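S.K.: Residue numbers (this note's numbering): 2 to 64. Idealized CB from N, CA, C, for every residue including glycine. No experiment lies behind these values; they were computed from the predicted model shown.
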Amino acid sequence: MQNNNFVLLTALQLSGGKKPKQWQYEYGLNLLNRYINQRKLFGLDTTGMMDEYREAFREIKGK
Numbered sequence: 002m003q004n005n006n007f008v009l010l011t012a013l014q015l016s017g018g019k020k021p022k023q024w025q026y027e028y029g030l031n032l033l034n035r036y037i038n039q040r041k042l043f044g045l046d047t048t049g050m051m052d053e054y055r056e057a058f059r060e061i062k063g064k
């Protein structure tokens, strides 16, 4: 996962800068999913965010 991925940054914030736990990654993934859905509702572009979500999903769910 890229170091600027929304899910990774959220997980790092939740962990206080330590190595994030699985639930913190999953929380970040769910948060990004809700954010993407809200943007779609308003007709806003989500292209880059969808790529971030897919990347994070593969890495998190593959663990």
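#1: Return the chain-ordered list of same chain residues with a C-beta closer than 7 Å to the C-beta of PRO21, the five sequence neighbours on each side being excluded.
#2: Return the CA-CA distance between TYR26 and ILE37, expressed in angstroms with no decimal places.
#3: Does the beta-carbon distance from LEU33 to MET50 come in below 8 Å?
#4: For ASN6, collect the residues of the same chain with a Cβ closer than 8 Å to its Cβ; drop the 5 residues on either side in sequence, then sort them by chain order.
#5: So, under 8 Å CB-CB, ARG40 and THR47 are touching, yes? Tell me the CB distance rounded to an integer number of Å.
M.R.: If we stick to the structure as given:
#1: ALA12, LEU13 and LEU15
#2: Distance between the alpha carbons of TYR26 and ILE37: 17 Å.
#3: In contact: LEU33 and MET50 (Cβ atoms closer than 8 Å).
#4: GLU53, GLU56 and ALA57
#5: 5 Å
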